[in-house]
Each structure stands twice: as structure tokens, then as C-alpha cells.
Amino acid sequence: MTTTAARTAPRTLERPDPVTGRPGRAVACADAAEVDAAVRAAREAYPGWRATAPAARAGMLRAAAAAVRAAADELGDLLCATTGRLLGESRDSAAVAADLLEEAAVAGLGRAGRVLAGDATAVDVVRREPRGVVAVITPWNDPYPAAAGLLAAALVTGNTVVHKPSERSDAPGVRLAELVAGALPAGVLQVVSGDGATGQALVEHEDVALVAHVGSTAAGRRIAAAVGARGARALLENGGKDPIVVDAGVDPVEAAAQIATGAFTNAGQLCTAVERVYVVEEVADALVAELARRAEALVVGDPADPSTTMGPLVDDDQLAVVAAHVAEAVEAGAQVVTGGRRLERDGSYYAPTVLDRCPDDVALLREETFGPVAPVVRVADFDEALRRASASAYGLAATVLTPRLDHALRAADVLEVGTVKVNAVFGGAPGGSADPRRGSGGGAGYGPDLLDEMTVRKAVHLEGL
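Residue numbers for the sequence shown follow my numbering, beginning at 239 and rising by one.
Written out as C-alpha cells, the structure is:
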């Protein structure tokens with residue numbers, strides 16, 4: 239005989255609507271027992287999925303990509319409503335997720351291992367084998383590509399997965415996982431909803447062999463400690479404080495366009511957003527004026543309105559971080575050129591902001607801000623710009639705008655970050671791999687090397703048969 243009298247109601251989080259500030263979606267948080275059930279289901283599905291032919295696994299990922307692509311508008315609408323990202327960008331983000339699933343389906347077929355040059359009477363190989371159950375924990379700000387890249391890499395190499403999307407973008411994350419799981423055998427992809435407590439139960443589970451996390455540095459360090467304590471593996475892409483360096487001789491109008499794109503896209507809520515601007519004094523006045531003009535030209539409003547060019551922050555908690563960083567910088571001597579305030583309207587809206595002559599020793603230049611703020615630091619020359627751009631606890635990416643090949647090559651060599659972009663704040667060919675540094679995490683987060691991260695090597699020696 240069973241009874242439900244002793245069961246407690248699920249713990250829920252009330253998420254605000256970023257556009258109106260009013261109560262939005264509720265997230266039911268999985269407890270430790272529900273996490274355990276998801277991990278065990280993935281573990282039970284693992285032997286069959288591992289034994290599935292790689293070509294068959296790739297075919298299912300292609301089917302998943304087709305399902306995601308067909309639902310791109312639905313997924314985009316959901317992301318826009320949940321996080322406040324512009325509708326067009328949200329739909330494009332879903333299409334990128336489909337691209338990543340297809341890319342892994344192709345690349346995954348060539349990562350089986352290698353043959354060694356051993357004795358002529360023996361066979362020596364190094365096999366690439368899946369790790370087992372992989373936990374994929376993803377962020378709210380760009381959840382579709384972040385999840386699709388990790389899910390695809392884990393699945394195509396024969397792992398099963400338990401996915402926990404951020405509680406700030408739970409509904410989009412769950413829907414994407416449902417579409418992918420619909421193309422797979424039962425149990426291969428599980429999804430759990432919840433906050434840090436749910437995530438902690440997942441990363442501490444003894445049957446999770448690898449945790450792949452995209453998110454904050456603080457969360458990444460807690461994950462690394464928990465996973466390392468039980469001898470498992472953590473793959474981390476964490477916070478960034480990305481600089482952009484503007485060299486002498488650069489067109490200030492073109493440079494301002496690049497900075498505005500990097501600082502204000504998705505209201506600055508991207509891992510590789512421009513968060514520090516180092517400008518050689520020679521072009522600083524013209525650049526700051528043009529950057530302010532571009533900031534003031536942005537149409538801030540409802541992200542579902544096609545005329546809007548910048549939406550709200552995800553919630554008031556994030557807005558409070560941005561406001562505090564700006565206020566401290568201004569108190570320390572930074573000059574507000576434009577913005578620097580919360581907008582007087584419903585929702586979590588902060589004005590696109592340009593600050594000039596920012597001092598080094600403020601949180602706005604040291605900690606991840608994740609908001610629509612471009613803090614400008616004037617420097618004497620390119621060498622000083624590189625030196626100050628390198629002085630950070632983070633090491634995710636950096637951009638350099640320069641007309642000189644020798645400066646571009648020197649920047650690529652000396653900047654201690656995972657990705658260096660020259661004369662383009664965003665962009666890059668598919669298939670690249672990068673390792674973030676220091677507080678930005680560790681391990682390849684994309685490209686063919688990500689497939690290797692999802693596997694373990696085994697040496698096999700055969701003779702006398």
C-alpha cells in the first residue's frame with residue numbers, strides 16, 4: 239500500500255518577467271532523489287548507447303538538429319520571453335544550436351583513436367572511449383549554443399547525459415533538451431530543473447564521470463572542488479572580463495562600431511562581451527564621442543518589438559550588479575559620457591552606458607559586470623594597452639583593432655587568453671578550439687578537441703593471436 243500524505247510540495251523559484259518586472263515563470267526544482275533518478279536512468283541507458291554504431295549515433299544527432307531547426311521560431315520566442323533577449327537574436331541562437339548538432343554529427347565519426355608503430359608481429363592501438371554519464375550545466379544568457387555544443391559532443395562520442403539548464407532560462411533549456419531527446423533512445427538524455435542545490439546534487443553524484451559547465455567563475459570553482467574530491471573530471475568555461483585594444487591609426491568610427499557591438503549586444507550579457515576598452519590617446523576623443531552617439535542611438539524596449547535594438551537585463555539582481563559597478567567607478571573618478579542609470583520604466587532596463595577615463599582599481603575593470611557598459615581607459619601606446627589588457631584574473635578572449643601586422647602578431651602571442659580576435663569583435667570559423675585561462679576555466683569548450691574531452695584514452699596491445 240502506498241500513500242502520498244508524507245510527500246512535500248516541490249520547491250519552486252518564481253522568476254520575474256524581465257520586460258515588465260511582474261512575476262513570470264515558476265521553476266520546480268528537482269531534489270536529490272529526482273537527480274539520482276535521472277542519473278541512474280542515464281547510467282542504465284549507457285551500455286546500449288555506447289554499443290550503438292558511431293554512424294547511427296551521428297544519424298540521430300542529425301535528426302535532432304532537424305527537429306531543433308524546425309522549432310527555431312518556437313525556441314526563439316521562448317528565449318525572448320524568458321530572458322529578454324531580442325527576438326531575432328533568440329531565433330538565430332536556436333538555429334546556431336541546430337548547426338552545432340550537425341557539426342558534431344560529422345566530426346564525431348573521425349575520433350575513434352589511432353594505430354601505433356609497434357612490433358610487426360603485434361597490433362598496438364589507442365582507443366577513444368566514452369566516459370559514461372556526463373552532466374551538462376549551462377547558462378541563461380546564450381543557452382541554446384552552449385547546451386547544443388556540449389550535448390552533441392557528449393552524445394556523439396557515446397556518453398549519456400543529464401542536462402541542467404540555468405534556472406534563469408529553464409523553460410528554453412528544457413524545451414531544447416526535449417527536442418534533442420526525441421531523436422534518441424529512451425534514457426540517453428535526461429534533463430533536470432533547479433538552482434544551485436539541484437546542480438550540487440548532480441555534480442556530487444558518484445555516477446557522473448564528467449561535469450561540463452558553462453557559467454560563472456564562482457560556480458565553476460565549486461564544481462571543480464566537488465568533482466575533484468571524488469576523482470572525476472570537470473570541463474569549465476567560466477566568467478570573462480574581455481578587453482578590446484584600439485591601436486593608433488585605427489578609424490575611430492569603425493572602432494566605435496566594433497566596441498558598441500561587443501558591449502551592447504544582448505545588453506552586454508555575453509561571455510565574450512567587451513567589458514574593458516583600452517584606447518591609445520591619439521584616437522580616444524573621436525572614438526569616445528562616436529561610441530556615445532551609437533549608445534544613444536540604440537532603441538531600448540520590448541525585445542519582441544522588431545524596432546528594438548537593445549532589450550532588458552535578465553532580472554533586477556543582474557541590474558543591481560551593473561549599477562553597483564558603475565556607481566563605484568564614477569565615485570572613483572570615471573566620467574559618465576552617456577547612460578549610467580536605470581531607466582524609468584517597468585522591467586529590468588539599464589541605459590547603454592559609456593564611461594571615460596576609468597581608473598584601474600574598480601570592480602568595473604576587475605570583475606565580470608555582464609551589462610551594457612563600455613568603460614574606456616586611455617593609454618599612451620599599444621604596449622601599455624597590451625600590458626593593461628593582460629592584467630586580469632580572467633582569460634577568456636580579447637579583441638585587438640590595429641592596422642599593423644606586427645602589432646596583431648605580437649598581441650596574438652602575448653595576450654594570455656583562450657581566443658584572440660583581430661579587427662573583428664565577434665566571429666571565427668567553425669571547428670576552432672580554445673582553452674580559457676585562470677578564472678575563465680579550463681579545457682576545450684568547442685571544436686574537435688571538445689570531442690576528445692568527452693572521451694578517455696585506452697592503450698591496447700595485441701599479439702600471439
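The C-beta atom is built at its ideal place from N, Cα and C for all residues, glycine as well.
Note to self: Just to confirm, is the Cβ distance from Val708 to Ala373 under 8 Å?
What the structure shows: No statement about residue 708 is possible, as the shown extent of the chain runs from 239 to 703 and does not include it.
Checklist line | Any 3 or more C-beta pairs closer than 8 Å across the stretch 511–524 and the stretch 474–482 | finding: yes
Notebook entry, point to check: Taking DSSP as the reference, what is the three-state secondary structure of Thr321?
Noted result: helix
Next item on the list: Determine the direct distance from the alpha carbon of Arg307 to that of Ala589, and round the result to whole angstroms.
Entry: 34 Å
Notebook entry, point to check: From the DSSP output, which residues share a beta bridge with Ala612?
Noted result: Val592
Check: For the alpha helix (DSSP H) that contains Thr436, what are its first and last residues?
Finding: 434–441
Next item on the list: Determine the direct distance from the alpha carbon of Ala623 to that of Val568, and round the result to whole angstroms.
Entry: 22 Å
Next item on the list: Give the DSSP bridge partners of Asp362, in chain order.
Entry: His699
Next item on the list: With distances taken Cα to Cα, identify the nearest neighbour of Arg329 among Val592, Pro410, Val611, Val658.
Entry: Pro410
Checklist line | 6 Å CB neighbourhood of Ala570 in its chain, flanking five on each side removed | finding: Pro597, Val600
Next item on the list: Return yes when the Cβ of Gly322 is within less than 8 Å of the Cβ of Gly549, no when it is not.
Entry: In this structure, Gly322 lies closer than 8 Å to Gly549 by Cβ.
Margin query: Starting from Gly477, trace the beta strand (DSSP E) in both directions and tell me its first and last residue.
Written below: From DSSP, Gly477 is part of no beta strand (DSSP E); its letter is neither H nor E.
Next item on the list: Mind checking which residues open and close the beta strand (DSSP E) that includes Glu534?
Entry: Premise fails: Glu534 lies in the alpha helix (DSSP H), 519–535, not in any beta strand (DSSP E).
Checklist line | Local conformation of Tyr382 per DSSP, three classes | finding: helix
Check: Among Thr576, Ala301, Thr503, which residue has its Cα nearest to the Cα of Leu529?
Finding: Thr576
Check: Which term fits Ser545, buried or exposed, when burial requires 16 or more other beta carbons within 10 angstroms of its beta carbon?
Finding: Ser545 is classed as exposed because its beta carbon has fewer than 16 other beta carbons within 10 Å across all chains shown.
Check: Count the other CB atoms within 10 Å of the CB of Thr242; is the residue buried (16 or more) or exposed (fewer)?
Finding: Low per-residue confidence applies at Thr242: pLDDT is 37, beneath 50, and the placement is therefore not dependable, though the value from the model is reported in the following sentence. Counting of Cβ neighbours within 10 angstroms places Thr242 among the exposed residues, the total staying below 16.
Note to self: Check for me: the alpha helix (DSSP H) holding Leu689 runs from which residue to which?
What the structure shows: 686–691
Item checked: Ala380 burial status per 10 Å Cβ neighbour count (16 or more: buried) -> The amino acid occupying residue 380 in the given sequence is Asp; Ala does not appear at that position. Label assigned to Asp380: buried.
Check: How is the beta strand (DSSP E) around Gly370 delimited, first residue to last?
Finding: Where Gly370 is concerned, there is no enclosing beta strand (DSSP E), given that its DSSP letter is neither H nor E.
Check: Under 8 Å, do Ala343 and Ala296 count as touching if we go by C-beta distance?
Finding: Cβ atoms of Ala343 and Ala296: closer than 8 Å.
Item checked: beta strand (DSSP E) segment containing Pro261, residue limits -> 261–267
Next item on the list: Could you check which residue in Ala386, Gln428, Leu354 has the C-alpha nearest to that of Ala279?
Entry: Comparing Cα positions, the closest option is Gln428.
Note to self: Extract the residue ranges of the beta strand (DSSP E) inside the stretch 406–437, only unbroken runs of 3 or more that lie entirely within it.
What the structure shows: 427–429
Checklist line | Boundaries (first-last residue) of the alpha helix (DSSP H) holding Pro490 | finding: 490–502 is the span of the alpha helix (DSSP H), which, as asked, contains Pro490.
Notebook entry, point to check: In terms of alpha-carbon separation, which member of Glu327, Gly314, Arg349 lies closest to Thr693?
Noted result: Arg349
Notebook entry, point to check: In three-state terms, what does DSSP make of Val600?
Noted result: In the three-state DSSP reduction, Val600 falls in the coil class, being neither helix nor strand.
Next item on the list: State the DSSP-derived secondary structure class of Gly679, mapped to helix, strand or coil.
Entry: strand
Margin query: To the nearest angstrom, how far is the alpha carbon of Asp594 from that of Ala612?
Written below: 9 Å
Notebook entry, point to check: Between the C-alpha atoms of Gly669 and Ala682, what's the straight-line distance to the nearest angstrom?
Noted result: 11 Å
Notebook entry, point to check: For Glu252, does the three-state DSSP call read helix, strand or coil?
Noted result: strand
Notebook entry, point to check: Is Val412 closer than 8 Å to Ser431 when the C-beta atoms are compared?
Noted result: yes
Note to self: Could you check whether the stretch 268–276 touches the stretch 354–361, counting it as contact only if at least three pairs of C-beta atoms, one from each stretch, sit closer than 8 Å?
What the structure shows: no
Notebook entry, point to check: Of the residues Glu340, Pro423, Ala618, Ala542, which one's Cα is nearest the Cα of Tyr284?
Noted result: Measuring from the Cα of Tyr284, the nearest candidate turns out to be Pro423.
Checklist line | Distance between beta carbons of Leu414 and Leu324, contact taken as under 8 Å | finding: A Cβ-Cβ distance of about 18 Å is found for the pair Leu324 and Leu414, leaving them out of contact under the 8 Å criterion.
Notebook entry, point to check: For Leu700, which residues from the same chain have a beta carbon less than 7 Å from its beta carbon, with the 5 sequence-adjacent residues on both sides left out?
Noted result: Ala360, Val361
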